[in-house]
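**Student:** Okay, handing you the structure first.
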């Protein structure tokens, strides 16, 4: 029966839409039924419009029913033990891809995990009862867009006014000399803290008592509570310690208690003394900065506390607009305030995004290898499909396979990371006491999520691509294995990007690490192993010292007097041959400045026209102490200390690089200012010395200027002592002398002079290691990607190669056909990487003394990468050349 | 023993009644005329497809039909398992509802 044309429902657009909705095996049958029903309705005399309405209703109803069923929604494939066994067998059967993928993911997953783990470690929680109820109050300076610690005034006002908190406390860090028996002094870190802190933290002492409010009263006996470690290691865990007198700096304190093991609040503190600062001793908004924290009352939420804090500070800002108008008090997590790290997820989002992107790129490259492997298994997949395996099942299987790989890689990566963390032990020693970088359940959970993420990108996505549409039918028509699959633009870009990253990172690695393993020298003529180097500083303690510190001249005078006394006592010490002071010692990283030389034109960089040099300030005995004669002119004398425009000394590298070999004596230089309003005075060069470690890696690049340093003008200041015996043995005596001069004087980082650049060397080695690691992954992945691309190309074009060979093509021509695409990607990647390296390496190293000879290194690395790439392509190319025409044509590829 | 939903029972009875002519259009019309139930073609086919997965019915494509631009219809027949399931449902209903029609009528009339 032919349905009259006019009877055909006019809603064909709706039909097409509904046809899409009802897509599935019976879509055609449903649509035919609908049309037949429409026709019957019309034949029975139903008005057309009504028949159309019935048609459309039936259409939409059908679409709705179908959409709710499993007709077009694939059933979630069920996983069986066999699938897992097959996955394991496949991984073992392709050891190359498995190892490469495992290696890449074993690095990539921990890298992706790092921000989550670090953030979690920073955020605690603190090991105290209901620690989530303990918060801190800090200012946001809206003018400077920065945080600012409250002052003592704020603490007292808040403690009196705020009702949202059970109590508030204030704490500030202090570093003092602990003077032990025999006047042995050592630097220990502790806190000035209010007694209320212990109640807020809900801690009990291990021995004796904690601080009381009475201890904060002016005139009360100075007391101290010791940390458990300090009590154990320095006082032999003396059970009678309570009541004994201990000297901290210039103050003798009575020990009143010992805290339990593990208590090192707020960071890594070993003793606690009452907070000496009181608001009445200072003007408003002056005085020492403190950290204020408190415990929220039961039932009070953070936002309610925030509202109250804002109201109170608004009142104080109204009373003191000139100092407080731009300050906004905020209630923040205490861990953020104590560490100074805004470790919230929003702030860390860019870091998360970057590391996840790195992981995604790594997975993308692993996915390239998986894609090639899936393509090579297309016959197997076709058979499995014919036997009933759905596309989703095949994709699920590939996902499981990659998940096993990613899971193993994550476990290996976490294990390696735990081992690598030992490298950071020296830094973790000063990390907050609640910091736990060990593997926790949270870490494992995040690693598992990242493994799933990796398996999706590296496994499921390539499998979806490889099994899309009717690839299997295409396979038969194309007559070649995997012929329907293509390595598309994304894969090409991934390989190029990977090669570029490899070249750039390896260039950086070689530049930085090469410096780390080269000889660092402070100067050929300096017996650096006979000098002791250290830093001296005078912490301000108490309102009197702080008032003095507030006046720079008074402090400078006091510190200068101490410096001279130390120098006098050391010079009188038997065995001490020389003493000198400087802001930066040979071998350290000297600050960089720009200068202009009268009559000599300099280079332009960053808009600054001048010469880039390094600088330091040294006292008049410095060069004598190092036994360095003047090569020309004269050294510093007393007249240089007091003159407003004193003379300066330059080194040999300055003469070579800045003056081009001209005589420096009598020439004038001045510092270049970016603003015209601040013209610095001209300084006359009065003497020339040898190169003395301004650039310990490459002395010829260490052009530098020496300024005279009057006593007390630099704080802190470095001291150099030449001893008759091993310098390290003199450290205790040096501490004694310093303590005798002023008990509060602190001695930091004492070491041999030839060891002062150990931090620089560590930086270089760590930087080199990090670069090398990333470069290694990039090299392996790019080589593997190139290999996979080539192997895939050869298998895809076997028949074509056979035909070409049969027609007389030469081996070079065959190799060219096969390797052309890979070669283009390799060259593009190397060029991009070299350009990236040429821009990034000097930019990152900038003024660092480690940026030595990097252009040659970049070129060498680029060449190396080309060789690696060619090596990766060699295997498949040789296989292509070995193809026999007869076999190729017979097998059909 | 398979349990059947109400709509499934209606469909199976329709298939039973229609015999060789049990196809989508006819089943829909049977439901509408005899059971007063208007169901979309999609609902009918999805339910029959589920029943077919449970081996209660079987389907086959018939001869090309002129009225459907030459395309065939999908026909259904009741399988033994489906017959048994339907019989069980019917007997269960009969057992619980038997003799209650009079009472039901009075209740429905509001007495």
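Residue numbers (my numbering), protein chains in the order written: chain A, 1 to 893; chain B, 1001 to 1111. Even for Gly, the Cβ is constructed at its ideal location relative to N, Cα and C.
#1: Would you say residue 62/A reaches chain B, if we count a Cβ-Cβ gap shorter than 8 angstroms as a contact?
#2: Starting from the C-beta of residue 221/A, find all residues in its chain whose C-beta is less than 7 angstroms away, skip the five residues before and the five after it, and write them out in chain order.
#3: Output the distance between the C-alpha atoms of residue 394/A and residue 370/A, rounded to the nearest integer angstrom.
#4: Quick one: is residue 1103/B buried, meaning 16 or more other Cβ sit within 10 Å of its Cβ, or exposed?
#5: Could you please give me the residues that DSSP links to residue 191/A through a beta bridge?
#6: On a CA-only basis, which of 534/A, 104/A, 884/A, 374/A is nearest residue 731/A? Give me that one, please.
#7: Tell me whether residue 6/A is buried or exposed, calling it buried when 16 or more other Cβ atoms sit within 10 Å of its Cβ.
#8: Give the secondary structure of residue 365/A by DSSP, where H, G and I count as helix, E and B as strand, and everything else as coil.
#9: Take residue 1035/B and list the residues in its own chain whose beta-carbon comes closer than 7 angstroms to its own, dropping the five residues that flank it on each side.
#10: Name the chain B residues that come within less than 7 angstroms of residue 42/A, Cβ to Cβ?
#11: State the Cα-Cα distance for the pair residue 353/A and residue 190/A, rounded to the nearest angstrom.
#12: Out of 595/A, 310/A, 367/A, 719/A, point me to the one whose CA is closest to residue 459/A's CA.
#13: Check whether the Cβ of residue 1083/B lies closer than 8 angstroms to any Cβ atom in chain A.
#14: Would you list, in chain order, the members of the segment 27-55 of chain A that have their beta-carbon closer than 8 angstroms to a beta-carbon of chain B?
#15: Can you tell which of 406/A, 54/A, 49/A, 66/A has its C-alpha closest to the C-alpha of residue 20/A?
#16: Within the chosen definition, does the segment 1044-1064 of chain B reach the segment 1087-1097 of chain B through at least 3 CB pairs nearer than 8 angstroms?
#17: Mind checking which residues open and close the alpha helix (DSSP H) that includes residue 1082/B?
#18: At the 8 angstroms Cβ level, is residue 881/A part of the contact set with chain B, yes or no?
#19: Looking at the structure shown, is residue 893/A part of a helix, part of a strand, or coil, going by DSSP?
#20: Taking only beta-carbon positions, decide if residue 1090/B is within less than 8 angstroms of chain A.
#21: Using a Cβ cut-off of 9 angstroms, pull out every chain B residue sitting near residue 65/A, in sequence order please.
#22: At what residues does the beta strand (DSSP E) containing residue 116/A begin and finish?
#23: Taking C-beta to C-beta, are residue 827/A and residue 790/A nearer than 8 angstroms?
#24: Taking the alpha carbon of residue 335/A as the reference point, which residue from 266/A, 492/A, 174/A, 655/A has its own alpha carbon closest?
#25: What did DSSP end up calling residue 305/A once you bin it into helix, strand or coil?
#26: Could you check what DSSP says for residue 906/A in three-state terms: helix, strand or coil?
#27: In the DSSP assignment, what are the bridge partners of residue 1060/B?
#28: I'd like to check one pair, residue 309/A with residue 162/A: are the Cβ atoms closer than 8 angstroms?
#29: Which value, in whole angstroms, describes the spacing of the CA atoms of residue 63/A and residue 32/A?
#30: Is DSSP giving residue 147/A helix, strand or coil here?
#31: Return no unless some Cβ of chain B is closer than 8 angstroms to the Cβ of residue 58/A.
#32: So that I know if they touch, is there some Cβ in chain A lying closer than 8 angstroms to that of residue 1074/B?
#33: Can you name, in chain order, every residue of its own chain whose Cβ lies under 7 angstroms from the Cβ of residue 784/A, other than the five neighbours on each side?
#34: Taking 8 angstroms as the threshold (beta carbon to beta carbon), is residue 1025/B in contact with chain A?
#35: Mind listing which residues of the segment 808-836 of chain A have their C-beta closer than 8 angstroms to chain B's C-betas, in chain order?
#36: What residue from 328/A, 248/A, 239/A has the CA that sits closest to residue 145/A's CA?
**Tutor:** According to the data block:
#1: yes
#2: 254
#3: 13 angstroms
#4: exposed
#5: 173/A, 272/A
#6: 534/A
#7: Residue confidence is low: residue 6/A scores 46 on pLDDT, short of 50, so the model does not pin down where it sits. No coordinate-derived value is stated.
#8: helix
#9: Residues 1010 of the same chain have their beta carbon placed closer than 7 angstroms to that of residue 1035/B, with the five preceding and five following residues left out of the count.
#10: In chain order: nothing, as chain B lies at least about 12 angstroms away.
#11: 38 angstroms
#12: When C-alpha distances from residue 459/A are compared across 595/A, 310/A, 367/A, 719/A, the shortest belongs to 367/A.
#13: no
#14: 28, 29, 30, 32, 33, 34, 35, 36, 37, 39, 40
#15: Of the candidates 406/A, 54/A, 49/A, 66/A, the one whose C-alpha sits nearest the C-alpha of residue 20/A is 66/A.
#16: no
#17: 1080-1097
#18: Not an interface residue.
#19: Note that residue 893/A scores 45 on pLDDT, short of 50, meaning its location in the model is unreliable and no value can be drawn from it.
#20: no
#21: 1039, 1040, 1041, 1042, 1043, 1044, 1045, 1046, 1047
#22: Segment 95-122 is the alpha helix (DSSP H) holding residue 116/A; no beta strand (DSSP E) there.
#23: no
#24: 266/A
#25: helix
#26: Missing from the structure shown is residue 906/A; chain A here goes from 1 to 893 and no further.
#27: DSSP lists 1075/B as partners of residue 1060/B.
#28: yes
#29: 14 angstroms
#30: strand
#31: yes
#32: yes
#33: Closer than 7 angstroms at Cβ, skipping near neighbours: 100, 369.
#34: Yes, residue 1025/B counts as interfacial toward chain A.
#35: none
#36: 328/A
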